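A.B. asks: The structure is given below, and queries will be raised subsequently.
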């Protein structure tokens, strides 16, 4: 019984860390690549380097959303809040739409 609970917690933690890792890599890979190219001083202080360097500031802004996107309770409340279940349809009594 305890092995099953441990597996559930481990699986839940893994499913929370995967999107966080992908967001981290998606925003840091361009910066890492340009940083490696910047060692040769060919790309340093270019416009492209400045744009990729600005990705670093987006990472802390998106990290809470990556964490919250894996929480079932939060997703249920957001669906209720934004009414994402679809529009309520009202049919007339005579059967015409």
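Numbering (the numbering used here), first residue to last: 606 to 702. The beta carbon of each residue, even a glycine, is placed where N, CA and C say it ideally should be. Since this is a predicted model, take the numbers as computed values, not measurements.
#1: Between residue 609 and residue 643, what straight-line distance do the alpha-carbon atoms span, to the nearest angstrom?
#2: Give the straight-line distance between the Cα atoms of residue 636 and residue 660, rounded to the nearest whole angstrom.
#3: Flag this pair as yes or no: are the beta carbons of residue 672 and residue 625 separated by less than 9 Å?
#4: Run the CB neighbour count on residue 623, radius 10 Å, all protein chains shown included, and call it buried at 16 or more, exposed below.
#5: Nearest to residue 628 by CA position, among 677, 683, 668 and 621, is which residue?
#6: Residue 686 to residue 674, Cα distance in whole Å?
#7: So, under 8 Å CB-CB, residue 632 and residue 664 are touching, yes? Tell me the CB distance rounded to an integer number of Å.
#8: With DSSP collapsed to three states, give me the class of residue 615.
C.D. replies: Checking against the coordinates, here is how it stands:
#1: Cα to Cα, residue 609 sits roughly 49 Å from residue 643.
#2: When rounded, the separation of the alpha-carbon atoms in residue 636 and residue 660 is 7 Å.
#3: Going by C-beta atoms, residue 672 is nearer than 9 Å to residue 625.
#4: By the neighbour-count definition (other C-beta atoms within 10 Å, threshold 16), residue 623 is an exposed residue.
#5: Nearest of 677, 683, 668 and 621 to residue 628, Cα basis: 668.
#6: Approximately 15 Å, taken between the alpha carbons.
#7: Going by Cβ atoms, the distance from residue 632 to residue 664 rounds to 5 Å, so yes, they are a contact pair.
#8: Reduced to three states, the DSSP call for residue 615 is helix.
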